[in-house]
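Asks: Heads up: the sequence shown runs through residues 10 to 492, numbered per our numbering.
Note that beta-carbon positions come from the ideal geometry of N, C-alpha and C, so glycine has one too.
Here's a structure for you.
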Amino acid sequence: MKLYSIRNLKIWYKILIIFQFMMIPAIMIFIVLLVITHKMQDLHGEILLKNLTSITAGYNVENSLLNLKELKANYMLDGDRRWLKEFDEKVEQFNFWYNQAFQVANTDEERDILSIMSLEFSSYMKSHKEIIYLADSGRKDQAIKLLLIKSMNHYNAIYNGCEQLITVNRSVIAESESKLKRYINNSRYLAYVIIVCFIILGVLLVIIITKSIVDPIKEIEMASDNLMPVSTDKVEMESLRERFKMMIDTLTANQQKLIVSERRAAVGEIAAGISHELNNPIGIICGFAELLLQKKSLSDADMEYIGDIHGEAVRCKKLLGELLDFARTPAPCYILNNISSVIRETVKLLMNQDKYRDVRFEFKKPQEEVEIEIDAVQIKQVLLNMMLNSCEAMEYKGSVNIVLSYTSELAEVRITDDGPGIREKEREKIFTPFYTTKSRGVGLGLAICRDIIQKHNGSIEIGEAPGHGAEFVINIPRERNGK
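Following this line, the structure appears as structure tokens:
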């Protein structure tokens, strides 16, 4: 199977392939061991049936021969004919076992030995008859002499034949056992070879399948590093999960930015289309309303009506301006500025107005003075908008705390108030364009603030204010674009 086809398989199928491959040598080894067992049983049966039977017959022939020798010696000692009768019976027994041994003989060598034993036994029986004849004739000395020389020679030849027969079968058994051991050893070596081959092939297969799993992961890591480098010491799957989470978060954030951009573009198109048509009529209405307000001949009721007309016309012009500002927020003009000074100027601007005399502004900053590249006008616009929202939420009574702090990478501004705070269901919508909780306004103030901060590569989030009230956290990088 080619590597690319393995890579196209699901991980479950790859694991199943490894499992099946691991089962193959187990089955092979089981078959080998089963065959070995059957071979051992066959060899063992062959040894028992052929050789042990032959050995048993050889021993019985030898025992019968010993009995003949003993019976003949007894007769020579006391001359009792009873021994001769038993001798004849033992001859028949000898012949029976001799025939058995000849029938179970396995080799030509055994049959040759038995043939020689047969000839010797014939000579032995012949000398036996001569010995009995001499003994019965009263020539016992000649009979004993014949017994000790001629008959004993035939006896020894037969006895040696029995021993040779037993030795041959014992050697056959030993050879069979040696053959069996060799067979077992060869089978063991074969099993070892199969196991080693399985291990080698298994390692190769695991490497191939692992490579088919790991390589796509590395490709994804390399591709993600090209877009967003990530430094992590986690293993592949954990690193991949972390990268996917970052990708999902990035895609979600980009999707939100795209939605905002599309809304801004739509507002820009609408505002650009209607600004020319509305600005002139609204300007004329404001102008005529101001002229009428200057006349003294009008009644108080008429002056009130005209004042309302003038106020609403001015509000319409202001709303149109906000729409245009949101749709066409200019790119920041970066200049080194002390953000602490920008905050102080914004606070001073509000403290000098009677409208905010019941609001207490507190500003805390670190000892160090840091200059960062920002658009001071736009940052002041953001701060002013945030502080105005806090004052409106507190109904212009309470305290607004501004805390400036620095990290190695960021300048952080926290703005906290004593107002009613922000409800949980409003947290996700509060920066959405055209979303507002006020009775008047179009809900673009916070959206413009976020847009300005994002153009500074920073962030603006809702914090967790202690107790009641709202908290906004503004983070601005101390170094722009990694400089």
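Could you work out which residue in K434, S306, L128 and I203 is closest to N165 when comparing CA atoms only?
Replies: As a position in the sequence shown, residue 165 is number 156, starting the count at 1. The candidate whose alpha carbon is nearest that of N165 is L128.
Asks: Nearest by alpha-carbon distance to G292: which of K304, R324 and M312 is it?
Replies: As a position in the sequence shown, residue 292 is number 283, starting the count at 1. Among K304, R324 and M312, the Cα nearest to that of G292 belongs to R324.
Asks: From the DSSP output, in three-state form, read off L419 for me.
Replies: Counted from its first residue, the sequence shown places residue 419 at position 410. Of the three classes helix, strand and coil, the one that applies to L419 here is strand, per DSSP.
Asks: Would you kindly report the start and end of the unbroken beta strand (DSSP E) that includes R91?
Replies: Indexing the sequence shown from 1 puts residue 91 at position 82. Where R91 is concerned, there is no enclosing beta strand (DSSP E), although the alpha helix (DSSP H) it sits in stretches over R90 to Q112.
Asks: What whole-angstrom Cβ distance do K99 and N76 have, given they're in contact under 8 Å?
Replies: Mapped onto the sequence shown, residue 99 falls at position 90. Mapped onto the sequence shown, residue 76 falls at position 67. Right, their Cβ atoms sit about 5 Å apart.
Asks: Kindly indicate which residue of L93, E470, I175 and L156 has the alpha-carbon position closest to the one of N72.
Replies: Here residue 72 refers to the residue found at position 63 of the sequence shown. Answer by Cα proximity: I175.
Asks: What does the alpha-carbon distance come out to for the pair L12 and S221?
Replies: Sequence index remark: in the sequence shown, residue 12 carries index 3 (1-based). Sequence index remark: in the sequence shown, residue 221 carries index 212 (1-based). Caution is warranted here: a pLDDT of 46 is assigned to L12, below 50, making its placement in the model unreliable, and the coordinate value is therefore given only provisionally. Looking at the two C-alpha atoms, the distance is approximately 7 Å.
Asks: So what does DSSP say about I424, is it helix, strand or coil?
Replies: Counting from 1 along the sequence shown, the entry for residue 424 is found at position 415. Of the three classes helix, strand and coil, the one that applies to I424 here is strand, per DSSP.
Asks: Beta-carbon separation of K254 and P341 under 7 Å?
Replies: For this step, residue 254 is matched to residue 245 along the sequence shown. For this step, residue 341 is matched to residue 332 along the sequence shown. Cβ atoms of K254 and P341: not closer than 7 Å.
Asks: To which residues of the same chain is M395 closer than 7 Å at the C-beta, ignoring the five residues directly before and after it?
Replies: As a position in the sequence shown, residue 395 is number 386, starting the count at 1. So the qualifying residues of the chain are I424, C458 and F481.
Asks: What residue from Y415, Y365 and L345 has the CA that sits closest to K373's CA?
Replies: Reading the sequence shown from its first residue, position 364 is the one you call residue 373. Checking every option, the nearest Cα to that of K373 belongs to Y415.
Asks: Please identify the residue among A456, C206 and I483 whose C-alpha is closest to the C-alpha of I439.
Replies: In the sequence shown, counting from the first residue as 1, residue 439 sits at position 430. Nearest of A456, C206 and I483 to I439, Cα basis: A456.
Asks: Thinking just about the alpha-carbon of each residue, which of Y68, N69, L93 and A66 is nearest to the one in E79?
Replies: Against the sequence shown, residue 79 aligns to sequence position 70. From the listed residues Y68, N69, L93 and A66, the smallest Cα separation to E79 is found for L93.
Asks: Give me whichever residues DSSP pairs with S408 in a beta bridge.
Replies: For the purposes of this step, residue 408 is taken as residue 399 along the sequence shown, with counting starting at 1. Paired residues: R369.
Asks: Just to check my reading of the structure: E101 and V177 have Cβ atoms closer than 8 Å, yes? What is that Cβ distance to the nearest angstrom?
Replies: Here residue 101 refers to the residue found at position 92 when the sequence shown is read from its first residue. Here residue 177 refers to the residue found at position 168 when the sequence shown is read from its first residue. Rounded, the Cβ-Cβ distance is 26 Å, inconsistent with contact.
Asks: On the three-state DSSP scale, how would you describe I431?
Replies: Taking the sequence shown and counting its residues from 1, one reaches residue 431 at position 422. Three-state result, I431: coil.
Asks: Assuming contact is defined by CB atoms lying nearer than 7 Å, are E371 and N410 in contact in what I supplied?
Replies: Position 362 of the sequence shown holds residue 371. Position 401 of the sequence shown holds residue 410. Yes, Cβ-Cβ distance for E371 and N410 is below 7 Å.
Asks: Would you identify the three-state DSSP class for S306, choosing helix, strand or coil?
Replies: In the sequence shown, counting from the first residue as 1, residue 306 sits at position 297. When secondary structure is reduced to three states using DSSP, S306 falls in the coil class, being assigned neither helix nor strand.
Asks: Would you kindly report the start and end of the unbroken beta strand (DSSP E) that includes E382?
Replies: Locating residue 382 in the sequence shown gives position 373, where the first residue counts as 1. From DSSP, the beta strand (DSSP E) with E382 extends over E380 to I383.
Asks: What's the call for Y107, buried or exposed, on a 16-neighbour Cβ count within 10 Å?
Replies: Numbered from 1 along the sequence shown, position 98 holds the residue referred to as residue 107. Under this definition Y107 is a buried residue.
Asks: For S468, report the span of its beta strand (DSSP E) as first-last.
Replies: Position 459 of the sequence shown, counting from 1, holds the residue named residue 468. Start and end: S468 to I471.
Asks: Span of the alpha helix (DSSP H) holding N72?
Replies: As a working note, residue 72 is residue 63 in the sequence shown. First-last of the alpha helix (DSSP H) with N72: T62 to D87.
Asks: Of the residues L359, M256, I203 and L302, which one's Cα is nearest the Cα of M37?
Replies: Position 28 of the sequence shown, counted from the start, is the residue given in the question as residue 37. Here the closest residue by C-alpha is I203.
Asks: Which residue's Cα is closest to the Cα of I471: R489, E435, P486 and R487?
Replies: Taking the first residue of the sequence shown as 1, we reach residue 471 at position 462. Nearest option by C-alpha distance: E435.
Asks: Apply the 10 Å Cβ neighbour rule to D317 and answer buried if 16 or more other Cβ atoms are within range, or exposed otherwise.
Replies: What you label residue 317 is simply residue 308 of the sequence shown in a count that begins at 1. Under this definition D317 is an exposed residue.
Asks: Grab me the residues of T355's own chain with a C-beta within less than 6 Å of its C-beta, minus the 5 sequence neighbours each way, in chain order.
Replies: Position 346 of the sequence shown, counted from the first residue, corresponds to residue 355. Taken in chain order, the residues that qualify are K389, L392 and L393.
Asks: Provide the residue(s) that pair with P486 in DSSP beta bridges, ordered along the chain.
Replies: Here the question's residue 486 lines up with position 477 in the sequence shown. Bridge partners of P486: L419.
Asks: So if DSSP puts I344 in a beta bridge, which residue, or which two residues, is it bridged to?
Replies: Translated into positions along the sequence shown, residue 344 becomes position 335. Bridge partners of I344: I383.
Asks: Can you have a look at C171 and say buried or exposed, based on whether 16 or more other CB atoms are within 10 angstroms of its CB?
Replies: As a first step, residue 171 is located in the sequence shown; it is residue number 162 there, counting from the start. That one is buried.
Asks: Give the DSSP-derived three-state secondary structure of F481 in the structure shown.
Replies: Mapped onto the sequence shown, residue 481 falls at position 472. If DSSP states are grouped into helix, strand and coil, F481 belongs with the strands.
Asks: Which of the three DSSP states, helix, strand or coil, is assigned to S146?
Replies: In the sequence shown, residue 146 corresponds to position 137, counting from 1. Of the three classes helix, strand and coil, the one that applies to S146 here is coil, per DSSP.
Asks: For Q173 and I125, what's the separation of their Cα atoms in angstroms?
Replies: Mapped onto the sequence shown, residue 173 falls at position 164. Mapped onto the sequence shown, residue 125 falls at position 116. If you take the alpha carbons of Q173 and I125, they lie about 11 Å apart.
Asks: When you compare each of A232, Y168 and G330 to Y68 by their alpha carbons, which one comes out closest?
Replies: Here the question's residue 68 lines up with position 59 in the sequence shown. Out of A232, Y168 and G330, Y168 has the C-alpha closest to the C-alpha of Y68.
Asks: Are the Cβ atoms of I485 and I469 separated by less than 7 Å?
Replies: As a first step, residue 485 must be located in the sequence shown, where it is residue number 476. As a first step, residue 469 must be located in the sequence shown, where it is residue number 460. Contact flag unset, no.
Asks: Tell me the DSSP bridge mates of S196?
Replies: Sequence index remark: in the sequence shown, residue 196 carries index 187 (1-based). Answer is none; S196 lacks a bridge partner.
Asks: Taking the DSSP output, what are the residues bridged to S414?
Replies: Against the sequence shown, residue 414 aligns to sequence position 405. Answer by DSSP bridge pairing, in chain order: E421.
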